[in-house]
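When we follow this note's numbering, the leftmost residue of the sequence shown carries the number 1, and every step to the right adds one.
The C-beta atom is built at its ideal place from N, Cα and C for all residues, glycine as well.
What follows is one structure encoded as structure tokens, with my remarks underneath.
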Amino acid sequence: MSTWIKRGLLTVAVFLVTWVMFITYWSGANHMPDGGDVILYLLVLPAVFLLLVWGIAKGRSAMAAAAAAKAAAAAAAPPPAAAGTEPGHSPERKWTLAIVATALRSPFGADAADLLEQIKSQSVRLPLDGELVNDQGMPILAGRISDIQGEETREIYQAWQQQHFPEQALTPQDNAHWRSLALAADIARELGDRLQWHPLLEEYQDAPRHRQEEVGLPHLHLLVLLPPTWSSEQRMQAARWLGEQVCQQGWPPEKLNVLPAAAGENAHPLLHLDRLVATSRDPRTQQPSPYLASSYLAMVIAAQSNLDPEIVQAWQQDKQLLQGAQSIGKSPAEAAAGLILADTTQALAMGTADPVLLHRASLGRHEQSVDQARRVAGDLLIQLAQGALRDAAIVPDQLALLVSDGDYRASRTDEIMKLGYAVLPELDLGSQCVKLGASCGSAGLATALSALVLAHAATDDSDQPSLCVCNEDAHQRAVVALSRAPAIAAASAPVSDSAASTATPASPVTASATV
């Protein structure tokens, strides 16, 4: 809806409510208003109220603009310990992005904080799924999300597909395909609605088209992570459609950039996030602080449904399925998660007080599948965790929680135990470790990003750092730390400098190791 229409409706509503209120009062009091009463109460009073609303809005914008320079200067200023940077340690490894908002869809709800408490209290149990059975025809444990509009999503998406790609034949897809897309669309709409909090959005929409770039509204970089079994073309088209879902919530389409990584390699979700941090600024600029001073805004969405009979059959053949007497394995599930990432200044401007920071991820790879190995060494995960904590300048004793995407398989549990003993001796793995894959089932890359959302909820609630460890995959390993950002603005939320509305790409720098 146009801003002018909304303002007009507000004006009409104010006058209408005022008139009804006073006319009703005069009628009940048997009072005959004179000309002065009519002018004062039916014209002047609502006009004063509208001026007051306008003045408050302008005042907030002015306060935000006044604080922008202070916040940007604080973000760009070198910290006191900058002179003591470890020799040979790349300063890019200190870079961070602020988490503005998160969204979650899980078999046990969409509230990350509530889900975290349920898992910690061990009150969640996967139910038997009547639609998924093993080769003996017995139902298996599965994490199914209720009320997913898969069929409705299929109709909407195929209509969009025929409109934009009329020469492309519609290929039939299984139910899990459309459930994955429906979950991703839910996340896109929720986070798209959250973007309406950006203080420059209304000013951008009100400005004449030739003056809009002067407003400084940043481009939104959209990264969509969909099941690796989809083709590159399927993932890219779905990402474009999800971008339109974001824009339907009010974000300008010309300010949306769908990243081609959505159709690229099937890399680990935390590697994609680390590349966003690495490309959020130009390393040639003098920004000694790890906090980004220029404008950057990104949205990451991951969704996957493994509720597919073929997936169940494959897991059973590989002896990876949790079933019957086999108490060690994984259960199929579906999930979706999303984040809005930005520089700290914009996070404050969008109403996120004291945002949680996403630090650089450390990633590595087991050359041999841990599903085939008789014994899994914990050295790789230990090395990655030490690197992630070093990059974030976090002492292990400060950690409040370890969140893993791992499941009940012995190899995953053994890795976490070895990590705890070697790096986190003060952490009680019984009460301060959450295994999302074991509690909610395995949904691939969506489980990995969901674990990060839970780690964010833990840090946001406790003000203490948390560690997200991804060891569900047979080869890939990833660790990232989250911590509370230091306060750089006291009262008002600043806006970003319009001169830096687009970040300059830089070569990603990722700590990695191979065993």
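Within the DSSP secondary-structure output, I301 pairs in a beta bridge with V224 and G338. Contact between the segment 185-192 and the segment 231-246 is established, with three or more Cβ pairs separated by less than 8 Å.
Per DSSP, reduced to three states, the secondary structure at V403 is strand. DSSP assignment within the segment 452-491 yields the following whole beta strand (DSSP E) runs of 3 residues or more, N-terminal first: 466-470 and 476-484.
A103 is bridged by DSSP to G338. In the displayed model, D343 falls within coil according to three-state DSSP, outside both helix and strand. Taken in chain order, the complete alpha helix (DSSP H) segments of 4 or more residues contained in the segment 249-282 are 269-278. Close CB contacts of G441 within its chain, under the 7 Å cut and outside five residues either way in sequence, are with P107, L126, A142, G143, S331, P332 and A333 (chain order). According to the DSSP secondary-structure assignment, A349 is paired through a beta bridge with no residue. Secondary structure note for P139: its beta strand (DSSP E) is the uninterrupted segment P139 to L141.
Beta-bridge partners of C440 (DSSP): none assigned.
Within its own chain, the residues whose Cβ lies closer than 6 Å to the Cβ of A455, once the five positions on either side in sequence are excluded, are V403, S466, C468 and L482, listed in chain order.
In the DSSP assignment, the residues bridged to C433 are L402. Just so you know, the alpha carbons of D405 and N257 end up roughly 29 Å apart.
DSSP places A377 outside both helix and strand once states are collapsed to three, so it counts as coil. Taking all protein chains shown into account, F165 has fewer than 16 neighbouring C-beta atoms within 10 Å of its C-beta and is therefore exposed. Secondary structure at K330: strand, using DSSP grouped into helix, strand and coil.
Of the residues assessed, H210 falls on the exposed side of the cut-off, its CB having fewer than 16 other CB atoms within 10 angstroms. Rounded to whole angstroms, the Cβ separation of G338 and A103 is 4 Å, and the two are in contact under 8 Å. By the Cβ criterion, the segment 219-236 is in contact with the segment 296-311, since at least three pairs of Cβ atoms, one from each stretch, lie closer than 8 Å.
Assignment of beta-bridge partners to L201 by DSSP yields no partner. Within its own chain, the residues whose Cβ lies closer than 6 Å to the Cβ of L321, once the five positions on either side in sequence are excluded, are W315 and G329, listed in chain order.
DSSP places D129 within a strand segment (E or B) once states are collapsed to three. Around the C-beta of P269, 16 or more other C-beta atoms lie within 10 Å, and the residue is accordingly described as buried. L358 is a Cβ neighbour of L97, given a cutoff of 8 Å. Considering only L445, A443 and A457, the residue with the shortest C-alpha distance to V356 is A457.
Between D193 and Q149, the CB-CB gap reaches or exceeds 8 Å.
A29 and G55 have their C-alpha atoms spaced approximately 34 Å apart. With respect to G109, L116 sits apart: the two C-beta atoms are not nearer than 8 Å. In the DSSP annotation of this structure, the continuous segment of the alpha helix (DSSP H) that includes D193 starts and ends at N175 to R194. DSSP, read as helix, strand or coil, puts Q122 in coil. Looking at L201, T229, W230 and P208, the one whose alpha-carbon comes closest to that of H219 is L201. Here H198 is buried: its Cβ has 16 or more other Cβ atoms, across all protein chains shown, within 10 Å. In the structure shown, the three-state DSSP call for G109 is strand. Put simply, of L52, L217 and V479 the residue whose alpha carbon is nearest the alpha carbon of G364 is V479.
Beta-bridge annotation (DSSP): L97 is paired with L358.
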